[in-house]
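Trainee:
Residue numbers (this note's numbering): 130 to 447.
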């Protein structure tokens, strides 16, 4: 019989971190027969395939499945391709540099079974963790996604984060899957492929969509050293602006004009706040990220309007 839940791990050249992720899944508190682990390798050139092969010989339950693409085509595409192959009722996504709390799947399945109306998707906190010392200026909130200590349905426009998402599989199909036009590939910085899916759920699904947050379904997400640099933070904000435009290209003209005016006002306010807030920050780096950063978001948005293709890349991804 097919397991009721598939845990999908999309990976690219991170075999060592991937093993940590899988070890966390092997120690879940639900019966191993209830779920499977599905690794989709997006064209890795390291020893990922060999490492997974050895693990498959050692672990029989839960079943560990492995799919490899010939080339690196992106995270959203990997997710969409693998979802079409699955026969389970639910599908969970976790990043290849994340670790699930031992009760992650238990708490998620409890919500699907007991919460009314039945959720279309469940998630919990994404908590950052570090293997290297973080800079004094770096704020955990830059990478955390914690929506409180109380279980609840999401409110207008809220979404879940990529490292921690559990769906009823049919919901992914109904709302069009993950957006491949703003896909993260290799060392390209891109954001929002899952955000667009949630936006469709808000626009086209029941009002409000049944997206449920439970504080017990915790995933710990590794924050790499390259993410704790000003360079990366500003590039990511620029990419966020590009994504914001891309996610709204199909909107009617009147709404698009409203959107442009909204971002323009946001830009003006951000620009005026920059000098006024400089001395309120204990670290100049934090001021740059939080006050100058919004201008990079706006730049990404307006460059996209002008059709100027700028690709943001990061260094030292692994």
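We put the beta carbon where it would ideally sit given N, CA and C, even for glycine.
Given the structure is predicted, the values throughout are model-derived calculations rather than measurements.
#1: Less than 8 Å between the beta carbons of residue 428 and residue 367, yes or no?
#2: Have a look at residue 329 and residue 384 and give me their C-alpha separation to the nearest angstrom.
#3: Go through its chain and collect everything with a Cβ distance to residue 399's Cβ below 8 Å, but skip five positions before and after it.
#4: Assess, as a yes-or-no matter, whether the segment 310-324 is touched by the segment 274-291 under the definition of 3 or more beta carbon pairs within less than 8 Å.
#5: Could you give the C-beta distance for residue 154 and residue 166, rounded to a whole number, given that I count them as a contact under 8 Å?
#6: Quick one, are the C-beta atoms of residue 205 and residue 304 less than 8 Å apart?
#7: Looking at residue 341 and residue 251, is the spacing between their C-beta atoms short of 8 Å?
#8: Just curious, the alpha helix (DSSP H) that residue 237 is in, first and last residue?
#9: Please confirm whether residue 158 and residue 235 have their CB atoms less than 8 Å apart.
#10: Ignore the nearest five residues each way along the sequence and tell me which others in residue 161's own chain have a CB closer than 7 Å to its CB.
#11: Under the three-state reduction of DSSP, which class applies to residue 274: helix, strand or coil?
#12: Taking only the alpha-carbon atoms, compute the straight-line gap between residue 215 and residue 133 and give it to the nearest angstrom.
#13: When the distance is taken between beta carbons, is residue 176 closer than 8 Å to residue 207?
#14: Where does residue 250 sit, in a helix, a strand or coil, going by DSSP?
#15: Output the distance between the C-alpha atoms of residue 180 and residue 318, rounded to the nearest integer angstrom.
#16: Suppose you measure from the CA of residue 272 to the CA of residue 352; what does that come to, to the nearest Å?
#17: Since residue 281 sits in a beta bridge, which residues does DSSP pair it with?
#18: Of all the options 258, 377 and 361, which has the alpha carbon lying nearest to the alpha carbon of residue 332?
#19: Label residue 285 either buried or exposed according to how many other C-beta atoms from any shown protein chain fall within 10 Å of its C-beta, with 16 as the threshold for buried.
#20: Measure from the alpha carbon of residue 221 to the alpha carbon of each residue in 298, 312 and 311, then state which is nearest.
#21: Does residue 322 come out as helix, strand or coil in the three-state DSSP assignment?
#22: Ordered along the chain, which non-local residues of its own chain (more than five positions away) have a Cβ less than 7 Å from that of residue 392?
#23: Would DSSP call residue 351 helix, strand or coil?
#24: Do the CB positions of residue 171 and residue 138 come within less than 8 Å of each other?
#25: Quick check: is the beta carbon of residue 155 nearer than 8 Å to any beta carbon in chain D?
#26: Please classify residue 135: does DSSP put it in a helix, a strand, or coil?
#27: Quick one: using the 10 Å Cβ neighbour count with 16 as the cut-off for buried, is residue 371 buried or exposed?
#28: For residue 277, count the other beta carbons within 10 Å of its own beta carbon; 16 or more makes it buried, fewer makes it exposed. Which is it?
#29: Could you work out which residue in 260, 245, 198 and 248 is closest to residue 355 when comparing CA atoms only?
#30: Taking 7 Å as the limit between beta carbons, can you name the residues of its chain near residue 149, skipping five residues before and five after?
#31: Starting from residue 423, follow the alpha helix (DSSP H) in both directions and report where the run begins and ends.
#32: Quick test of your reading: residue 233 and residue 347, contact by CB under 8 Å. State the CB separation rounded to the nearest angstrom.
#33: For residue 374 versus residue 433, is the C-beta spacing smaller than 8 Å?
#34: Please go through the segment 142-178 and give each complete beta strand (DSSP E) segment of 3 or more residues, from N-terminal end onward.
Mentor: Result, derived from the coordinates:
#1: Here residue 428 is taken as the residue at index 299 of the chain shown, counted from 1. Here residue 367 is taken as the residue at index 238 of the chain shown, counted from 1. For residue 428 and residue 367, yes; Cβs fall inside 8 Å.
#2: The residue given as residue 329 occupies position 200 in the chain shown. The residue given as residue 384 occupies position 255 in the chain shown. The alpha-carbon atoms of residue 329 and residue 384 are separated by roughly 16 Å.
#3: Along the chain shown, one-based indexing puts residue 399 at 270. For residue 399, where only same-chain residues beyond five positions count, the Cβ hits under 8 Å are 420, 423, 424 and 427.
#4: yes
#5: Working through the chain shown from its first residue, we reach residue 154 at position 25. Working through the chain shown from its first residue, we reach residue 166 at position 37. The Cβ separation is near 5 Å, so the contact holds.
#6: For the purposes of this step, residue 205 is taken as residue 76 along the chain shown, with counting starting at 1. For the purposes of this step, residue 304 is taken as residue 175 along the chain shown, with counting starting at 1. Result no, Cβ atoms of residue 205 and residue 304 do not sit closer than 8 Å.
#7: Working through the chain shown from its first residue, we reach residue 251 at position 122. Working through the chain shown from its first residue, we reach residue 341 at position 212. Yes, these two residues count as a Cβ contact at 8 Å.
#8: In the chain shown, the residue the question calls residue 237 occupies position 108. It spans 233-243 - the alpha helix (DSSP H) in which residue 237 sits, taken as one unbroken run.
#9: Position 29 of the chain shown, counted from the start, is the residue given in the question as residue 158. Position 106 of the chain shown, counted from the start, is the residue given in the question as residue 235. It is a contact, given that the beta carbons lie within the stated cut-off.
#10: Residue mapping note: residue 161 aligns to position 32 of the chain shown, counting from 1. Closer than 7 Å at Cβ, skipping near neighbours: 190 and 191.
#11: Here residue 274 is taken as the residue at index 145 of the chain shown, counted from 1. In the three-state DSSP reduction, residue 274 falls in the strand class (E or B).
#12: Along the chain shown, one-based indexing puts residue 215 at 86. Along the chain shown, one-based indexing puts residue 133 at 4. Roughly 10 Å separates the two Cα atoms.
#13: Locating residue 207 in the chain shown gives position 78, where the first residue counts as 1. Locating residue 176 in the chain shown gives position 47, where the first residue counts as 1. No.
#14: Position 121 of the chain shown, counted from the first residue, corresponds to residue 250. In this structure, residue 250 counts as strand in the three-state DSSP scheme.
#15: As a first step, residue 180 is located in the chain shown; it is residue number 51 there, counting from the start. As a first step, residue 318 is located in the chain shown; it is residue number 189 there, counting from the start. For residue 180 and residue 318, the distance between alpha carbons rounds to 27 Å.
#16: Position 143 of the chain shown holds residue 272. Position 223 of the chain shown holds residue 352. If I take the Cα positions, the gap works out to 8 Å.
#17: Within the chain shown, the letter at position 152 stands for residue 281. DSSP lists 342 as partners of residue 281.
#18: One-based indexing of the chain shown puts residue 332 at position 203. Checked all of 258, 377 and 361; the closest Cα to residue 332 is 377.
#19: Residue numbering aside, residue 285 sits at position 156 when the chain shown is read from its first letter. Label assigned to residue 285: exposed.
#20: Position 92 of the chain shown, counted from the start, is the residue given in the question as residue 221. Closest option to residue 221, Cα to Cα, is 298.
#21: By one-based count along the chain shown, residue 322 stands at place 193. In the three-state reduction of the DSSP assignment, residue 322 falls in the helix class.
#22: By 1-based counting over the chain shown, the position of residue 392 is 263. Excluding sequence neighbours, residue 392 sits near 427 and 430.
#23: Against the chain shown, residue 351 aligns to sequence position 222. In the structure shown, residue 351 sits in a strand (DSSP, three-state: E or B).
#24: In the chain shown, residue 171 corresponds to position 42, counting from 1. In the chain shown, residue 138 corresponds to position 9, counting from 1. Remark: C-beta atoms of residue 171 and residue 138 do not approach each other more closely than 8 Å.
#25: The structure shown contains no chain D; it is built from a single protein chain.
#26: For this step, residue 135 is matched to residue 6 along the chain shown. Correct three-state label for residue 135: strand.
#27: Counted from its first residue, the chain shown places residue 371 at position 242. Counting Cβ neighbours within 10 Å, residue 371 comes out buried, since at least 16 surround it.
#28: Within the chain shown, the letter at position 148 stands for residue 277. Flag for residue 277 reads exposed.
#29: By one-based count along the chain shown, residue 355 stands at place 226. Comparing Cα-Cα distances from residue 355 to each of 260, 245, 198 and 248, the minimum goes to 260.
#30: Locating residue 149 in the chain shown gives position 20, where the first residue counts as 1. The answer, listed in chain order, is 228.
#31: Residue mapping note: residue 423 aligns to position 294 of the chain shown, counting from 1. For residue 423, the enclosing alpha helix (DSSP H) covers residues 422-434.
#32: Start at 1 with the first residue of the chain shown, and residue 233 comes out as number 104. Start at 1 with the first residue of the chain shown, and residue 347 comes out as number 218. Contact flag correct, Cβ pair sits at about 6 Å.
#33: As a first step, residue 374 is located in the chain shown; it is residue number 245 there, counting from the start. As a first step, residue 433 is located in the chain shown; it is residue number 304 there, counting from the start. Yes, Cβ-Cβ distance for residue 374 and residue 433 is below 8 Å.
#34: 164-170
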